[in-house]
Amino acid sequence: MPPSRKTSMEELDERLALLRDRVLAENETVVAQVEADHGQAVVVTSHRILILKVGIAATGKLDGEVVGQFPFPVITSVSVRKGPLGAVIQVCTAAKATPIQGAVPDNVVVFTGPQRVTKCESIATKIESAIGKPLEWIQASDKRADEETIRDTDKATVVPKTERNKLDEQSLTSGEETTAAEPELLNQEATETALANSDVSSEEPISHKTSYESASEEGSARRKRRSLAEEVYSDMLASSVSRPSESAEQIANREPVDKVGRDEQDQSAQSSDAVPADIENKNESLPHAEPATRAPSALRNPRLPKPVQRRVKRDKAVMLIVVLLAVLLAGIAAVAPSRFATVDPPHSKGSTTRREDSGLLYKHLLAVTNYRNDVRVQVARAIEFLDIFESAIKSGDKSALMSLAAQSRLEEVCTIVERLDTPAGLLGAKEQILAGLSLARTLVGKISIDLQTVSGEELRRNLVELYEAKSKLKRGLDYIDTVRAQIERRCLDARKVSSTDNFVTTKKTTKSLPLRIKQLK
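Pasting the structure below:
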(Lines of atoms letter the chains of each structure in order from A and count residues from 1; the text may use other names and numbers.)
(Lines give C-alpha, C1' and ligand atoms only; values in the text may rest on other atoms or scores of the structure.)
Protein backbone atom coordinates (compact mmCIF):
# COMPACT_ATOMS: atom_id res chain seq x y z
CA MET A 1 0.00 0.00 0.00
CA PRO A 2 1.69 3.27 -1.08
CA PRO A 3 1.83 6.05 1.52
CA SER A 4 -0.63 8.89 1.32
CA ARG A 5 0.72 12.30 0.27
CA LYS A 6 -0.86 15.73 0.03
CA THR A 7 -1.28 17.24 -3.42
CA SER A 8 -0.17 20.70 -2.27
CA MET A 9 3.35 19.48 -1.38
CA GLU A 10 6.34 20.00 -3.65
CA GLU A 11 6.89 17.12 -6.03
CA LEU A 12 10.26 15.41 -5.71
CA ASP A 13 12.53 14.16 -8.44
CA GLU A 14 11.65 10.75 -9.89
CA ARG A 15 14.62 8.97 -8.31
CA LEU A 16 14.05 10.66 -4.95
CA ALA A 17 10.34 9.79 -5.08
CA LEU A 18 11.09 6.10 -5.80
CA LEU A 19 13.59 5.98 -2.92
CA ARG A 20 11.07 7.65 -0.59
CA ASP A 21 8.32 5.14 -1.50
CA ARG A 22 10.66 2.24 -0.77
CA VAL A 23 11.68 3.58 2.63
CA LEU A 24 8.19 4.58 3.91
CA ALA A 25 6.20 2.10 5.97
CA GLU A 26 2.63 1.08 5.11
CA ASN A 27 0.79 3.24 7.67
CA GLU A 28 3.26 6.13 7.52
CA THR A 29 2.07 9.46 6.07
CA VAL A 30 4.11 12.31 4.65
CA VAL A 31 3.64 15.63 6.46
CA ALA A 32 6.06 17.75 4.40
CA GLN A 33 8.78 17.26 1.81
CA VAL A 34 11.26 19.62 0.17
CA GLU A 35 13.91 19.06 -2.49
CA ALA A 36 17.29 20.65 -1.65
CA ASP A 37 20.36 20.72 -3.88
CA HIS A 38 20.57 18.35 -6.83
CA GLY A 39 19.89 14.81 -5.62
CA GLN A 40 18.97 15.74 -2.00
CA ALA A 41 15.61 15.97 -0.24
CA VAL A 42 14.08 16.21 3.27
CA VAL A 43 10.86 14.31 4.06
CA VAL A 44 8.96 14.81 7.33
CA THR A 45 6.54 11.97 8.10
CA SER A 46 4.22 11.32 11.01
CA HIS A 47 6.91 9.35 12.90
CA ARG A 48 10.35 10.42 11.69
CA ILE A 49 12.55 12.62 9.49
CA LEU A 50 14.02 11.17 6.29
CA ILE A 51 17.07 12.62 4.51
CA LEU A 52 17.41 11.21 0.98
CA LYS A 53 20.43 11.50 -1.33
CA VAL A 54 20.64 10.06 -4.85
CA GLY A 55 23.09 10.34 -7.75
CA ILE A 56 26.69 11.31 -8.31
CA ALA A 57 26.26 14.93 -7.21
CA ALA A 58 25.02 14.00 -3.75
CA THR A 59 26.74 10.64 -3.08
CA GLY A 60 29.80 10.66 -5.32
CA LYS A 61 28.63 7.52 -7.18
CA LEU A 62 26.53 7.22 -10.32
CA ASP A 63 23.96 4.88 -8.75
CA GLY A 64 24.63 5.82 -5.12
CA GLU A 65 21.83 6.08 -2.57
CA VAL A 66 22.04 7.43 1.00
CA VAL A 67 19.08 7.34 3.40
CA GLY A 68 19.09 8.95 6.83
CA GLN A 69 16.21 7.82 9.12
CA PHE A 70 15.70 9.74 12.37
CA PRO A 71 12.64 8.88 14.55
CA PHE A 72 11.31 11.76 16.64
CA PRO A 73 12.18 10.26 20.09
CA VAL A 74 15.83 9.76 19.06
CA ILE A 75 16.40 13.32 17.82
CA THR A 76 18.19 15.52 20.37
CA SER A 77 18.49 18.73 18.33
CA VAL A 78 18.14 20.13 14.83
CA SER A 79 20.42 22.99 13.79
CA VAL A 80 19.81 25.33 10.86
CA ARG A 81 22.87 27.24 9.70
CA LYS A 82 22.29 30.16 7.32
CA GLY A 83 24.97 31.97 5.39
CA PRO A 84 25.32 34.41 2.51
CA LEU A 85 25.27 31.64 -0.12
CA GLY A 86 22.82 29.12 1.33
CA ALA A 87 21.72 27.13 4.35
CA VAL A 88 22.34 23.71 5.96
CA ILE A 89 20.04 21.52 8.10
CA GLN A 90 21.73 19.04 10.45
CA VAL A 91 19.86 16.45 12.52
CA CYS A 92 21.64 15.33 15.71
CA THR A 93 20.86 12.19 17.72
CA ALA A 94 22.03 10.70 21.00
CA ALA A 95 23.79 7.76 19.31
CA LYS A 96 27.52 8.21 18.77
CA ALA A 97 28.26 7.78 15.08
CA THR A 98 31.67 6.52 14.00
CA PRO A 99 32.72 8.74 11.07
CA ILE A 100 34.02 6.91 8.00
CA GLN A 101 36.63 8.69 5.92
CA GLY A 102 35.22 9.66 2.53
CA ALA A 103 31.64 8.66 3.37
CA VAL A 104 28.68 10.96 2.66
CA PRO A 105 26.94 12.14 5.89
CA ASP A 106 23.30 11.06 6.11
CA ASN A 107 22.19 13.73 8.61
CA VAL A 108 23.06 16.89 6.64
CA VAL A 109 21.15 18.58 3.80
CA VAL A 110 22.48 21.54 1.81
CA PHE A 111 20.35 24.35 0.32
CA THR A 112 22.20 26.64 -2.13
CA GLY A 113 20.71 29.87 -3.43
CA PRO A 114 18.08 32.32 -2.11
CA GLN A 115 15.10 30.29 -3.38
CA ARG A 116 16.29 27.13 -1.68
CA VAL A 117 16.98 29.08 1.51
CA THR A 118 13.27 29.95 1.69
CA LYS A 119 12.49 26.25 1.24
CA CYS A 120 14.91 25.49 4.07
CA GLU A 121 13.12 27.95 6.37
CA SER A 122 9.68 26.51 5.55
CA ILE A 123 10.73 22.89 6.14
CA ALA A 124 12.54 23.94 9.33
CA THR A 125 9.32 25.36 10.79
CA LYS A 126 7.51 22.14 9.95
CA ILE A 127 10.27 20.06 11.55
CA GLU A 128 10.04 22.22 14.67
CA SER A 129 6.27 21.68 14.90
CA ALA A 130 6.67 17.95 14.22
CA ILE A 131 9.34 17.15 16.81
CA GLY A 132 8.01 19.64 19.39
CA LYS A 133 11.45 21.12 20.13
CA PRO A 134 12.91 24.52 19.28
CA LEU A 135 15.49 24.50 16.53
CA GLU A 136 18.97 25.93 16.82
CA TRP A 137 19.33 28.81 14.36
CA ILE A 138 22.89 29.83 13.46
CA GLN A 139 23.53 32.91 11.34
CA ALA A 140 26.95 32.96 9.69
CA SER A 141 28.71 36.31 9.43
CA ASP A 142 28.96 37.83 5.97
CA LYS A 143 32.32 39.46 5.31
CA ARG A 144 30.96 41.37 2.36
CA ALA A 145 28.14 42.87 4.47
CA ASP A 146 30.72 43.93 7.07
CA GLU A 147 32.79 45.60 4.39
CA GLU A 148 29.72 47.41 3.06
CA THR A 149 28.88 48.73 6.53
CA ILE A 150 32.47 49.97 6.93
CA ARG A 151 32.23 51.72 3.59
CA ASP A 152 28.93 53.34 4.62
CA THR A 153 30.50 54.69 7.81
CA ASP A 154 33.48 56.02 5.81
CA LYS A 155 31.11 57.78 3.44
CA ALA A 156 29.20 59.27 6.39
CA THR A 157 32.44 60.73 7.72
CA VAL A 158 33.43 62.09 4.31
CA VAL A 159 30.08 63.80 3.53
CA PRO A 160 30.54 66.77 5.93
CA LYS A 161 33.94 67.53 4.37
CA THR A 162 32.48 67.57 0.87
CA GLU A 163 29.65 69.83 2.02
CA ARG A 164 32.16 72.18 3.61
CA ASN A 165 34.14 72.29 0.37
CA LYS A 166 30.95 73.16 -1.52
CA LEU A 167 30.25 76.02 0.90
CA ASP A 168 33.80 77.31 0.50
CA GLU A 169 33.47 77.20 -3.28
CA GLN A 170 30.19 79.09 -3.09
CA SER A 171 31.80 81.78 -0.90
CA LEU A 172 34.73 81.96 -3.33
CA THR A 173 32.43 82.45 -6.33
CA SER A 174 30.46 85.13 -4.46
CA GLY A 175 33.76 86.92 -3.67
CA GLU A 176 34.74 86.75 -7.36
CA GLU A 177 31.40 88.32 -8.29
CA THR A 178 32.06 91.17 -5.88
CA THR A 179 35.56 91.67 -7.29
CA ALA A 180 34.08 91.69 -10.81
CA ALA A 181 31.69 94.49 -9.76
CA GLU A 182 34.48 96.52 -8.10
CA PRO A 183 36.05 98.16 -11.21
CA GLU A 184 33.10 100.55 -11.73
CA LEU A 185 33.33 101.75 -8.14
CA LEU A 186 37.07 102.06 -8.50
CA ASN A 187 36.68 104.28 -11.57
CA GLN A 188 34.50 106.73 -9.66
CA GLU A 189 36.86 106.79 -6.66
CA ALA A 190 39.85 107.28 -8.94
CA THR A 191 38.31 110.32 -10.64
CA GLU A 192 37.47 111.91 -7.28
CA THR A 193 40.98 111.35 -5.90
CA ALA A 194 42.52 112.72 -9.09
CA LEU A 195 40.53 115.96 -8.84
CA ALA A 196 41.48 116.32 -5.18
CA ASN A 197 45.16 115.73 -5.93
CA SER A 198 45.13 118.40 -8.67
CA ASP A 199 44.29 121.07 -6.08
CA VAL A 200 47.10 120.03 -3.76
CA SER A 201 50.40 121.92 -4.00
CA SER A 202 53.44 120.36 -5.67
CA GLU A 203 55.40 120.27 -2.42
CA GLU A 204 53.50 117.26 -1.14
CA PRO A 205 55.10 113.87 -1.98
CA ILE A 206 53.33 111.91 -4.67
CA SER A 207 52.18 108.46 -3.62
CA HIS A 208 53.63 105.63 -5.71
CA LYS A 209 50.48 103.55 -5.24
CA THR A 210 47.77 103.81 -7.84
CA SER A 211 44.11 103.90 -7.02
CA TYR A 212 43.73 100.37 -8.39
CA GLU A 213 46.40 99.05 -6.01
CA SER A 214 44.77 100.74 -3.05
CA ALA A 215 41.39 99.40 -4.09
CA SER A 216 42.85 95.90 -4.43
CA GLU A 217 44.28 96.21 -0.92
CA GLU A 218 40.86 97.17 0.37
CA GLY A 219 39.32 94.22 -1.47
CA SER A 220 41.93 91.88 -0.03
CA ALA A 221 41.22 93.29 3.42
CA ARG A 222 37.56 92.51 2.96
CA ARG A 223 38.37 88.93 1.97
CA LYS A 224 40.77 87.99 4.72
CA ARG A 225 38.92 84.69 5.23
CA ARG A 226 40.46 81.96 3.05
CA SER A 227 38.61 78.89 1.78
CA LEU A 228 39.80 75.28 2.10
CA ALA A 229 40.88 75.21 -1.55
CA GLU A 230 43.06 78.30 -1.02
CA GLU A 231 44.66 76.74 2.05
CA VAL A 232 45.49 73.55 0.12
CA TYR A 233 46.87 75.60 -2.74
CA SER A 234 49.07 77.65 -0.40
CA ASP A 235 50.36 74.44 1.22
CA MET A 236 51.29 73.08 -2.20
CA LEU A 237 53.17 76.26 -3.03
CA ALA A 238 54.99 76.18 0.31
CA SER A 239 56.05 72.57 -0.26
CA SER A 240 57.33 73.38 -3.76
CA VAL A 241 59.65 76.15 -2.47
CA SER A 242 62.32 73.58 -1.72
CA ARG A 243 62.37 72.71 -5.43
CA PRO A 244 62.29 76.04 -7.34
CA SER A 245 61.54 75.68 -11.04
CA GLU A 246 63.35 78.83 -12.18
CA SER A 247 67.10 79.04 -12.38
CA ALA A 248 69.28 81.91 -11.19
CA GLU A 249 69.72 83.20 -14.76
CA GLN A 250 65.96 83.44 -15.28
CA ILE A 251 65.58 85.38 -12.00
CA ALA A 252 68.40 87.76 -13.01
CA ASN A 253 66.80 88.33 -16.41
CA ARG A 254 63.46 88.96 -14.79
CA GLU A 255 64.68 91.72 -12.37
CA PRO A 256 65.29 94.44 -15.03
CA VAL A 257 61.83 93.87 -16.43
CA ASP A 258 60.36 94.42 -12.95
CA LYS A 259 62.32 97.68 -12.55
CA VAL A 260 61.11 99.00 -15.89
CA GLY A 261 57.53 98.20 -14.91
CA ARG A 262 57.94 100.07 -11.63
CA ASP A 263 59.35 103.17 -13.40
CA GLU A 264 56.41 103.20 -15.75
CA GLN A 265 54.03 103.03 -12.79
CA ASP A 266 55.81 106.01 -11.14
CA GLN A 267 55.54 108.09 -14.29
CA SER A 268 51.84 107.29 -14.66
CA ALA A 269 51.22 108.28 -11.03
CA GLN A 270 53.02 111.68 -11.47
CA SER A 271 50.97 112.64 -14.52
CA SER A 272 47.75 113.63 -12.76
CA ASP A 273 45.95 114.69 -15.91
CA ALA A 274 46.19 111.22 -17.50
CA VAL A 275 45.22 109.34 -14.35
CA PRO A 276 41.58 108.68 -15.18
CA ALA A 277 42.33 107.44 -18.71
CA ASP A 278 45.12 105.13 -17.53
CA ILE A 279 42.94 103.73 -14.78
CA GLU A 280 40.09 103.08 -17.20
CA ASN A 281 42.41 101.27 -19.62
CA LYS A 282 43.79 99.14 -16.83
CA ASN A 283 40.35 98.34 -15.46
CA GLU A 284 39.11 97.38 -18.92
CA SER A 285 42.06 95.08 -19.48
CA LEU A 286 41.87 93.41 -16.07
CA PRO A 287 38.91 91.02 -16.64
CA HIS A 288 40.46 89.79 -19.91
CA ALA A 289 43.97 89.39 -18.55
CA GLU A 290 45.27 85.79 -18.55
CA PRO A 291 46.65 84.41 -15.29
CA ALA A 292 50.38 84.02 -14.98
CA THR A 293 51.49 80.53 -16.05
CA ARG A 294 53.53 78.65 -13.53
CA ALA A 295 56.09 76.03 -14.19
CA PRO A 296 54.67 72.49 -14.14
CA SER A 297 57.09 71.45 -11.39
CA ALA A 298 55.67 74.13 -9.05
CA LEU A 299 52.22 72.53 -9.08
CA ARG A 300 53.52 69.00 -8.72
CA ASN A 301 52.63 67.16 -5.54
CA PRO A 302 55.85 66.12 -3.79
CA ARG A 303 54.12 63.26 -1.97
CA LEU A 304 53.31 61.40 -5.20
CA PRO A 305 55.81 58.78 -6.39
CA LYS A 306 58.13 59.69 -9.22
CA PRO A 307 57.28 58.27 -12.66
CA VAL A 308 59.07 55.03 -13.42
CA GLN A 309 61.26 55.11 -16.51
CA ARG A 310 60.56 52.00 -18.53
CA ARG A 311 63.55 50.36 -20.05
CA VAL A 312 63.08 49.01 -23.54
CA LYS A 313 63.93 45.31 -23.50
CA ARG A 314 65.86 44.12 -26.47
CA ASP A 315 64.71 41.06 -28.29
CA LYS A 316 66.87 38.36 -26.70
CA ALA A 317 65.68 35.68 -29.11
CA VAL A 318 66.96 37.59 -32.14
CA MET A 319 70.32 38.13 -30.47
CA LEU A 320 70.57 34.42 -29.63
CA ILE A 321 69.77 33.39 -33.21
CA VAL A 322 72.40 35.79 -34.56
CA VAL A 323 75.04 34.36 -32.20
CA LEU A 324 74.18 30.77 -33.16
CA LEU A 325 74.38 31.58 -36.87
CA ALA A 326 77.77 33.19 -36.36
CA VAL A 327 79.08 30.11 -34.52
CA LEU A 328 77.71 27.81 -37.23
CA LEU A 329 79.33 29.78 -40.04
CA ALA A 330 82.64 29.82 -38.17
CA GLY A 331 82.49 26.04 -37.77
CA ILE A 332 81.73 25.50 -41.45
CA ALA A 333 84.59 27.79 -42.44
CA ALA A 334 86.98 25.85 -40.20
CA VAL A 335 85.92 22.36 -41.35
CA ALA A 336 85.52 22.96 -45.11
CA PRO A 337 89.25 23.20 -46.07
CA SER A 338 90.22 19.99 -44.31
CA ARG A 339 87.23 18.17 -45.78
CA PHE A 340 87.83 18.98 -49.43
CA ALA A 341 91.63 18.82 -49.27
CA THR A 342 91.94 15.00 -48.86
CA VAL A 343 90.40 12.93 -51.66
CA ASP A 344 90.83 9.14 -51.75
CA PRO A 345 91.67 7.41 -55.02
CA PRO A 346 88.51 6.20 -56.78
CA HIS A 347 89.58 2.64 -57.48
CA SER A 348 90.26 1.65 -53.85
CA LYS A 349 87.08 3.27 -52.53
CA GLY A 350 84.80 1.70 -55.13
CA SER A 351 86.25 -1.78 -54.75
CA THR A 352 85.79 -1.91 -50.96
CA THR A 353 82.17 -0.75 -51.26
CA ARG A 354 81.32 -3.42 -53.80
CA ARG A 355 82.99 -6.16 -51.76
CA GLU A 356 81.07 -5.14 -48.62
CA ASP A 357 77.75 -5.02 -50.55
CA SER A 358 78.21 -8.41 -52.12
CA GLY A 359 79.28 -9.96 -48.83
CA LEU A 360 76.31 -8.58 -46.94
CA LEU A 361 73.90 -9.67 -49.65
CA TYR A 362 75.31 -13.19 -49.61
CA LYS A 363 75.03 -13.39 -45.80
CA HIS A 364 71.44 -12.18 -45.99
CA LEU A 365 70.67 -14.73 -48.70
CA LEU A 366 72.16 -17.49 -46.58
CA ALA A 367 70.06 -16.49 -43.54
CA VAL A 368 66.85 -16.33 -45.61
CA THR A 369 67.56 -19.75 -47.13
CA ASN A 370 68.11 -21.38 -43.74
CA TYR A 371 64.97 -19.77 -42.33
CA ARG A 372 62.94 -20.94 -45.35
CA ASN A 373 64.13 -24.52 -44.94
CA ASP A 374 63.29 -24.62 -41.21
CA VAL A 375 59.87 -23.04 -41.66
CA ARG A 376 59.04 -25.26 -44.65
CA VAL A 377 59.60 -28.41 -42.53
CA GLN A 378 57.29 -27.23 -39.76
CA VAL A 379 54.58 -25.97 -42.14
CA ALA A 380 54.67 -29.32 -43.99
CA ARG A 381 53.98 -31.11 -40.69
CA ALA A 382 51.06 -28.79 -39.95
CA ILE A 383 49.54 -29.16 -43.45
CA GLU A 384 49.88 -32.96 -43.27
CA PHE A 385 47.97 -33.00 -39.98
CA LEU A 386 45.28 -30.67 -41.37
CA ASP A 387 44.80 -32.90 -44.45
CA ILE A 388 44.15 -35.92 -42.20
CA PHE A 389 41.81 -33.88 -40.03
CA GLU A 390 39.94 -32.66 -43.14
CA SER A 391 39.36 -36.22 -44.38
CA ALA A 392 38.04 -37.21 -40.93
CA ILE A 393 35.60 -34.28 -40.98
CA LYS A 394 34.33 -35.22 -44.43
CA SER A 395 33.82 -38.85 -43.38
CA GLY A 396 32.07 -37.84 -40.15
CA ASP A 397 34.13 -40.25 -38.01
CA LYS A 398 33.89 -38.71 -34.54
CA SER A 399 36.22 -41.24 -32.88
CA ALA A 400 38.97 -40.43 -35.41
CA LEU A 401 38.44 -36.72 -34.87
CA MET A 402 38.71 -37.22 -31.10
CA SER A 403 41.99 -39.13 -31.40
CA LEU A 404 43.44 -36.58 -33.85
CA ALA A 405 42.51 -33.69 -31.57
CA ALA A 406 44.24 -35.44 -28.66
CA GLN A 407 47.42 -36.01 -30.77
CA SER A 408 47.51 -32.52 -32.29
CA ARG A 409 50.97 -31.33 -33.30
CA LEU A 410 49.90 -27.75 -34.06
CA GLU A 411 50.92 -26.44 -30.63
CA GLU A 412 54.45 -27.77 -31.05
CA VAL A 413 54.77 -26.38 -34.59
CA CYS A 414 53.58 -22.93 -33.48
CA THR A 415 56.14 -22.84 -30.63
CA ILE A 416 59.03 -23.79 -32.94
CA VAL A 417 58.14 -21.17 -35.55
CA GLU A 418 57.91 -18.45 -32.91
CA ARG A 419 61.38 -19.26 -31.56
CA LEU A 420 63.11 -19.11 -34.96
CA ASP A 421 65.24 -16.01 -35.63
CA THR A 422 63.54 -13.99 -38.36
CA PRO A 423 65.84 -12.34 -40.96
CA ALA A 424 65.24 -8.81 -42.14
CA GLY A 425 62.27 -8.50 -44.50
CA LEU A 426 60.47 -11.71 -43.43
CA LEU A 427 58.47 -10.44 -40.47
CA GLY A 428 55.26 -10.27 -42.54
CA ALA A 429 55.70 -13.89 -43.67
CA LYS A 430 56.20 -15.05 -40.08
CA GLU A 431 53.04 -13.25 -38.94
CA GLN A 432 51.07 -14.84 -41.80
CA ILE A 433 52.25 -18.36 -40.87
CA LEU A 434 51.55 -17.84 -37.15
CA ALA A 435 48.06 -16.55 -37.95
CA GLY A 436 47.30 -19.69 -39.98
CA LEU A 437 48.61 -21.98 -37.21
CA SER A 438 46.60 -20.20 -34.49
CA LEU A 439 43.41 -20.40 -36.61
CA ALA A 440 43.90 -24.14 -37.19
CA ARG A 441 44.65 -24.74 -33.50
CA THR A 442 41.50 -22.88 -32.44
CA LEU A 443 39.39 -24.85 -34.95
CA VAL A 444 40.67 -28.22 -33.71
CA GLY A 445 39.98 -27.32 -30.08
CA LYS A 446 36.46 -26.10 -30.92
CA ILE A 447 35.58 -29.30 -32.82
CA SER A 448 36.91 -31.50 -30.02
CA ILE A 449 34.71 -29.70 -27.46
CA ASP A 450 31.49 -29.73 -29.56
CA LEU A 451 32.04 -33.19 -31.02
CA GLN A 452 29.35 -34.98 -28.97
CA THR A 453 26.59 -32.43 -29.64
CA VAL A 454 27.28 -31.55 -33.29
CA SER A 455 25.96 -33.43 -36.31
CA GLY A 456 27.90 -34.26 -39.49
CA GLU A 457 26.54 -31.32 -41.47
CA GLU A 458 27.56 -28.86 -38.78
CA LEU A 459 31.04 -30.41 -38.75
CA ARG A 460 31.41 -29.85 -42.50
CA ARG A 461 30.71 -26.15 -42.03
CA ASN A 462 34.08 -25.87 -40.25
CA LEU A 463 35.90 -26.80 -43.47
CA VAL A 464 35.81 -23.14 -44.55
CA GLU A 465 37.98 -22.07 -41.61
CA LEU A 466 40.27 -25.06 -42.25
CA TYR A 467 40.82 -24.02 -45.88
CA GLU A 468 41.54 -20.46 -44.75
CA ALA A 469 44.21 -21.67 -42.30
CA LYS A 470 45.90 -23.69 -45.07
CA SER A 471 45.87 -20.73 -47.45
CA LYS A 472 47.55 -18.50 -44.85
CA LEU A 473 50.32 -21.06 -44.36
CA LYS A 474 50.92 -21.32 -48.11
CA ARG A 475 50.92 -17.54 -48.56
CA GLY A 476 53.57 -17.23 -45.85
CA LEU A 477 55.84 -19.73 -47.65
CA ASP A 478 55.30 -17.98 -51.00
CA TYR A 479 56.24 -14.65 -49.42
CA ILE A 480 59.53 -16.14 -48.15
CA ASP A 481 60.33 -17.54 -51.63
CA THR A 482 59.63 -14.16 -53.25
CA VAL A 483 61.96 -12.32 -50.85
CA ARG A 484 64.69 -14.90 -51.39
CA ALA A 485 64.45 -14.54 -55.17
CA GLN A 486 64.78 -10.77 -54.92
CA ILE A 487 67.88 -11.02 -52.72
CA GLU A 488 69.43 -13.56 -55.10
CA ARG A 489 68.83 -11.25 -58.09
CA ARG A 490 70.42 -8.30 -56.26
CA CYS A 491 73.42 -10.42 -55.32
CA LEU A 492 74.04 -11.39 -58.95
CA ASP A 493 73.54 -7.82 -60.20
CA ALA A 494 76.15 -6.55 -57.74
CA ARG A 495 78.78 -8.81 -59.35
CA LYS A 496 77.86 -7.95 -62.94
CA VAL A 497 78.58 -4.20 -62.50
CA SER A 498 81.81 -3.09 -64.17
CA SER A 499 84.53 -2.02 -61.78
CA THR A 500 88.05 -0.60 -61.82
CA ASP A 501 89.51 -3.53 -59.81
CA ASN A 502 91.87 -6.18 -61.08
CA PHE A 503 90.32 -8.24 -63.89
CA VAL A 504 91.46 -11.53 -62.41
CA THR A 505 89.84 -10.83 -59.04
CA THR A 506 86.58 -9.81 -60.68
CA LYS A 507 86.54 -12.89 -62.88
CA LYS A 508 87.13 -15.22 -59.95
CA THR A 509 84.39 -13.70 -57.80
CA THR A 510 81.81 -13.69 -60.63
CA LYS A 511 82.48 -17.38 -61.27
CA SER A 512 82.40 -18.46 -57.65
CA LEU A 513 79.21 -16.61 -56.62
CA PRO A 514 76.75 -18.43 -58.91
CA LEU A 515 78.21 -21.75 -57.77
CA ARG A 516 77.58 -20.83 -54.13
CA ILE A 517 74.02 -19.73 -54.95
CA LYS A 518 73.35 -23.05 -56.67
CA GLN A 519 74.65 -24.88 -53.62
CA LEU A 520 72.20 -22.92 -51.43
CA LYS A 521 69.27 -23.99 -53.60
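For the sequence shown, our numbering begins at -17 and goes up steadily by one.
Glycine included, every Cβ here is placed at the ideal spot set by N, Cα and C.
Quiz item: Taking one C-beta from the stretch 459 to 467 and one from the stretch 416 to 436 each time, how about it: are there three or more such pairs within less than 8 Å?
Solution: no
Practice problem: Could you tell me if residue 504 is buried or exposed, where buried requires 16 or more neighbouring beta carbons within 10 angstroms of its beta carbon? | Solution: Lying outside -17 to 503, the shown extent of the chain, residue 504 is not represented and no answer is given.
Exercise. Starting from the N-terminal side, write out each stretch of the alpha helix (DSSP H) that is 4 residues or longer and does not extend beyond the stretch -3 to 73.
Key: 38 to 41
Quiz prompt | residue 39 vs residue 68 beta-carbon contact at 7 Å | solution = no
Quiz item: Can the beta-carbon of residue 91 be found less than 7 Å from the beta-carbon of residue 75?
Solution: no
Self-check item: Bridge partners - residue 120, DSSP secondary structure assignment
Solution: 63
Quiz prompt | CA-to-CA distance, residue 474 to residue 456, given in whole angstroms | solution = 27 Å
Quiz item: Quick one, are the C-beta atoms of residue 472 and residue 343 less than 7 Å apart?
Solution: yes
Quiz prompt | Three-way DSSP call (helix, strand, coil) for residue 436 in this model | solution = coil
Quiz item: So residue 364 packs on residue 395, CB below 8 Å; how close in whole Å?
Solution: 5 Å
Quiz item: Using the rule of at least 16 other Cβ atoms within 10 Å of the residue's Cβ for burial, across every protein chain shown, is residue 109 buried or exposed?
Solution: buried
Practice problem: Within its chain, find whatever has a CB closer than 8 Å to the CB of residue 99; leave out the 5 residues flanking it on each side and keep chain order. | Solution: 64, 68, 69 and 93
Quiz item: Can at least three beta-carbon pairs, one atom from the stretch 430 to 445 and one from the stretch 353 to 360, be found at a separation below 8 Å?
Solution: no
Exercise. Grab the span of the alpha helix (DSSP H) containing residue 424 for me, first residue to last.
Key: 409 to 431
Quiz item: For the alpha helix (DSSP H) that contains residue 107, what are its first and last residues?
Solution: 96 to 113
Exercise. Check each candidate in 9, 298, 58 and 34 and name the one with the smallest Cα separation from residue -6.
Key: 34
Quiz item: Between the beta-carbon of residue 13 and the beta-carbon of residue 26, is there less than 7 Å?
Solution: yes
Quiz prompt | Local conformation of residue 464 per DSSP, three classes | solution = helix
Practice problem: Select from 62, 29 and 107 the residue whose C-alpha is nearest the C-alpha of residue 118. | Solution: 62
Practice problem: Using 10 angstroms around the beta-carbon of residue 42, count the other beta-carbons present and answer buried if the total reaches 16, otherwise exposed. | Solution: exposed
Quiz item: residue 414 and residue 461 look like a contact to me (Cβ under 8 Å); what is the Cβ gap, rounded to whole Å?
Solution: 6 Å
Quiz item: Given that a residue counts as buried once 16 or more other Cβ atoms are within 10 Å of its Cβ, and exposed if not, what is residue -2?
Solution: buried
Quiz item: Among the residues of its own chain, which have a CB less than 6 Å from the CB of residue 48, if the five just before and after it don't count?
Solution: 35, 41, 86 and 88
Quiz item: In its own chain, which residues sit with a C-beta less than 7 Å from the C-beta of residue 58, not counting the 5 before and 5 after it?
Solution: 74, 75 and 76
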